[in-house]
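Taking it in order: structure first as structure tokens, then the write-up.
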Amino acid sequence: MTRRAAWLAVLAALTGPAAAQDLKPPLSAQVRFTAPGGADLAQVLPGQPFDVVLEFTAQVGSVPTDLAPLGWLRERGPSDLPCGETAAAYRATGRASIGSVDLNGVVLGVAARDGAFTVLDPQRALGTANLLAARRFDTAPASVAADPSSGRFLLSLPGAGQVLAMTPYGDTQVLAEGLDRPGALVPAASGGAWLLEEGTGDILRPGRDLRLDLKARAIAGDGGTDPSWRLAVLSDDRLLVLDDGGATLADAPAPGAAAIGLNRDAALWLDRKTLHVLWLDAPDRAQAIPLDGHFDRMAVSPEGRMVILYARDRTGFAMADLATGQVVPAADTDSPVAEVAFLPGTAALRLADGSTIGVMDLDPIPPGAEATLGRVVIGPPLPGRDAPTSALLAPLLPEPAVLAVHADSYAGFVLDARHAISGKPPMEAMRLRGGIPQIVRALDRGLRPTGPGQFTAAARLPRPGAWELVVSAGIGQMAFCAALPTPPAPQTAARTPGRIQPQADADGGVRLRFTTGEGAPAAGLSGVIDLAALTGNWRIRQPFTTGPDGLTAERWTLDGRLPLVVTARAGHPTGFAPLVLEELP
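Residues -20 to -1, 1 to 565, numbered by mature numbering (1 follows the signal peptide of the UniProt record, and there is no 0), are exactly what the sequence shown covers, in order.
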């Protein structure tokens, strides 16, 4: 199904002859709603995964290359704001209206130790409302990667010998099967991911015809927090660098390597006493940086300058500055560092006991100075050792924040660069779902570019109704709405409410007769009745019951109280219309 909409031009006021000219909008948009395979949908059904496909064209010139539209789905109602005002409200608050389906921001994929995998929306926080999808596997995934090019999570399942792709709404596709212990995944900038098949040591691109027999032991990408264009491979005692097509860019000996890393300029490998730097544009001028202490793990900052060195069996860490070839003296920690994640200019370090997150500014540190670490407590220390595959730090990019998970509390805490100097407790937290979390990954679910002026996002409607897509360019009045081809909501026949009628009592009082909307006696009712005078402040409330003829067992003396209003609450499906009593029967 295709919809066309025109952007509203932001124009200055015109006077004289210019005001009479026909003005055209600078951009137009074509909207399609398709199945995940690309086929157009005649109708979008509730609970059915589908894609929103936008294609922009310019009246003059070309579509701006930095166009980044925002989109969400809302259920249409009589009180809706116009599209332009709705877009302005979203840009001001960062949130769509309650009940809407947001197509912006990130979703979280959480793999638990018991094999459960859940997808959560961090913008929702009421009970289980943040749960978008859930699956359970026989064994826990060995690795999870977010693939922004397809808008899916990629999971390596060693128990099933498969690599699986899963949308935020639970739609799955097997990318590779029959594998021997699929392990680490590294997302690729061209789409998909690199896979280390631990049983054979082969390197694969699941979903593509590429398999390299390299006897690999470890892999690392050059993308930092982004998908990677190149891959570093530790093969026996050699370090290889591959391009996106699998061709070898560099090959160097790496005897005794315990860990490897890669940035845009260099490949790195670490033995227990030295950090070795292989410059990709000058491989014959390798650099060796001696270390004061033993380290067996490394994390390379996205900017490529700073390398954090740590070890699984010792506390503290050190940093190497590749620009100067110097090592910053190690900072002490109460527990070994288990994991490192990066934000722009900031590093977050998770301690192995799970109690504390260290947040550190990555600005160059003067020679001889020690790294300054802000410590944020997120929970009590956890017993036992952390699993080697645990990944409980998830950057929430493009937001400059990271989610730090305390596993036994089933909770994630949002930290940012300010915690490097404040050390204050986190101000935002969210509840996770499923079993004890082991791997957490964030996926940007926004409208992702798929070509010049083309964008796609996955969506699903939570309930029947009349829905529409709202799209905003984030500038001025550039916004439009397009109705979704949803089936008409079933119409339920209106039910007539029951009636209350007064009836004179033999003792001079008044009783009330209750009948259904069809006129039958409303027998066996029990509830509460209110009688309120329209003048003065007289009012009574009391329980009542009705007999087989719908007549109340109670009677009232109403002399001098008229006119009054009678209302009743009795749990009847249609209820009863209020009675205005102006004179006695």
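For glycine and all other residues, C-beta sits at the position ideal for the given N, C-alpha and C. Note that this is a predicted model, so its numbers are computed, not measured.
**OP:** Confirm, please, whether the CB-CB distance from Val166 to Ala156 is below 8 Å.
**Re:** It is not a contact, given that the beta carbons lie outside the stated cut-off.
**OP:** Could you pull out every unbroken beta strand (DSSP E) segment of at least 3 residues lying fully inside the region 501 to 542, listed in chain order?
**Re:** With a minimum length of 3 residues, the continuous beta strand (DSSP E) runs that stay inside the region 501 to 542 are 506 to 513 and 519 to 525.
**OP:** Determine contact between the region 26 to 37 and the region 477 to 497, defined as no fewer than three beta-carbon pairs at a distance below 8 Å.
**Re:** At 8 Å Cβ cutoff, the stretches do not touch.
Subject >> Length of the line joining the Cα atoms of Gln306 and Leu220 >> reply: Spanning the two alpha carbons is a distance of roughly 25 Å.
Original post:
Cα separation between Arg535 and Arg413?
Top reply: Roughly 56 Å separates the two Cα atoms.
Original post:
Within 8 Å (strictly less), CB to CB, does Gly507 reach chain D?
Top reply: No chain D appears in this structure, which consists of one protein chain only.
**OP:** Tell me, to the nearest whole angstrom, how far the beta carbon of Ala172 is from that of Asp127; I am working on the premise that it is less than 8 Å.
**Re:** One detail in the question is off: residue 172 reads as Gly in this sequence, not Ala. Indeed they touch by this definition, with Cβ atoms about 6 Å apart.
Subject >> Close-in-space but distant-in-sequence residues of the same chain around Gly241 (CB under 6 Å, 5 per side omitted) >> reply: For Gly241, where only same-chain residues beyond five positions count, the Cβ hits under 6 Å are Ala200, Leu248, Met278 and Val280.
Original post:
Roughly how many angstroms separate the alpha carbons of Leu(-13) and Asp396, rounded to a whole number?
Top reply: Caution is warranted here: a pLDDT of 38 is assigned to Leu(-13), below 50, making its placement in the model unreliable, and no coordinate value can be reported.
Subject >> Nonlocal neighbours in the same chain, by C-beta distance under 6 Å from Ala550, ignoring five residues either side >> reply: Close CB contacts of Ala550 within its chain, under the 6 Å cut and outside five residues either way in sequence, are with Leu505 and Gly507 (chain order).
Subject >> Cβ-based burial, Asn84 [other Cβ within 10 Å; buried from 16] >> reply: By the neighbour-count rule (16 or more Cβ atoms within 10 Å), Asn84 is buried.
Subject >> Under the three-state DSSP convention, the category Pro309 falls into >> reply: In this structure, Pro309 counts as strand in the three-state DSSP scheme.
Original post:
Does the region 283 to 297 come close enough to the region 310 to 322 to have 3 or more Cβ pairs within less than 8 Å?
Top reply: The region 283 to 297 makes contact with the region 310 to 322, as at least three CB pairs between them are under 8 Å.
Original post:
Would you say Gly150 and Arg116 are within 8 Å of each other, going by their C-beta atoms?
Top reply: Against a cut-off of 8 Å, the Cβ pair of Arg116 and Gly150 comes out as no contact.
Original post:
Could you check where the alpha helix (DSSP H) with residue 568 kicks off and where it finishes?
Top reply: Absent from the model: residue 568. The displayed extent of the chain is -20 to 565, so no value can be given.
**OP:** Could you say if the region 91 to 101 and the region 62 to 73 meet the contact criterion of at least three C-beta pairs nearer than 8 Å?
**Re:** Touching, no.
Original post:
CB Thr37 to CB Ser8, shorter than 8 Å?
Top reply: Yes, Cβ-Cβ distance for Thr37 and Ser8 is below 8 Å.
Subject >> Leu564 to Ala500 span [Cα, whole Å] >> reply: So the alpha carbons of these two residues sit roughly 23 Å apart.
Original post:
Whose C-beta lies closer than 7 Å to the C-beta of Glu55 among residues of the same chain, with five residues either side of it excluded?
Top reply: Closer than 7 Å at the Cβ level, and outside the excluded window around Glu55, lie Gly79, Gly445, Ala446 and Trp447.
Original post:
Closest to Cys461 by CA distance: which of Leu21, Thr430, Pro16 and Asp60 is it?
Top reply: Comparing Cα-Cα distances from Cys461 to each of Leu21, Thr430, Pro16 and Asp60, the minimum goes to Asp60.
Original post:
Comparing alpha-carbon positions, which option in Pro58, Met458, Leu111 and Arg185 lies nearest Pro442?
Top reply: The shortest Cα separation from Pro442 among Pro58, Met458, Leu111 and Arg185 belongs to Leu111.
Original post:
Alpha carbon to alpha carbon, how far is Gln418 from Leu427?
Top reply: Those two C-alpha atoms are separated by around 28 Å.
Subject >> Own chain residues within Cβ distance below 6 Å of residue 566, not counting five before or after >> reply: What the structure shows of the chain is the stretch from -20 to 565, and residue 566 is not part of that stretch, so it cannot be assessed.
**OP:** Leaving out five residues on either side along the sequence, give the residues of the same chain with a beta carbon under 8 Å from the beta carbon of Arg265.
**Re:** Trp259, listed in sequence order.
Subject >> Cα-Cα separation between Gly489 and Pro62, rounded to whole angstroms >> reply: Straight-line Cα distance between these residues: approximately 57 Å.
**OP:** With a cut-off of 8 Å on the beta carbons, I'd call Arg425 and Ala437 a contact; round off their distance for me.
**Re:** About 7 Å separates the Cβ atoms of Arg425 and Ala437, confirming a contact at the 8 Å cut-off.
Original post:
Exposed or buried, which one is Asp333 when buried takes at least 16 other CB atoms within 10 Å?
Top reply: When all chains shown are included, Asp333 counts as buried.
**OP:** Check Ser129 in the structure and name its three-state DSSP category.
**Re:** In the structure shown, Ser129 sits in coil (DSSP, three-state: anything other than H, G, I, E or B).
Subject >> Extent of the continuous alpha helix (DSSP H) run through Tyr70 >> reply: Cys63 to Thr73 is the extent of the alpha helix (DSSP H) around Tyr70.
Subject >> Where Asp264 sits in the DSSP three-state scheme >> reply: Helix.
Original post:
Do you know offhand how far Pro558's Cα is from Leu538's?
Top reply: If I take the Cα positions, the gap works out to 17 Å.
Original post:
What three-state label does DSSP hand Ala462 in the structure shown?
Top reply: Residue state, collapsed to three classes: strand.
Subject >> For Arg440 and Gly74, the rounded distance between their alpha carbons >> reply: Using only the alpha carbons, I get a separation of about 20 Å.
Original post:
Between Ser123 and Asp20, what straight-line distance do the alpha-carbon atoms span, to the nearest angstrom?
Top reply: One C-alpha to the other measures close to 34 Å.
Original post:
How about Leu289 and Leu271: are their beta carbons less than 8 Å apart?
Top reply: Yes, these two residues count as a Cβ contact at 8 Å.
Subject >> DSSP-derived helix/strand/coil call for Asp60 >> reply: It is coil, neither helix nor strand.
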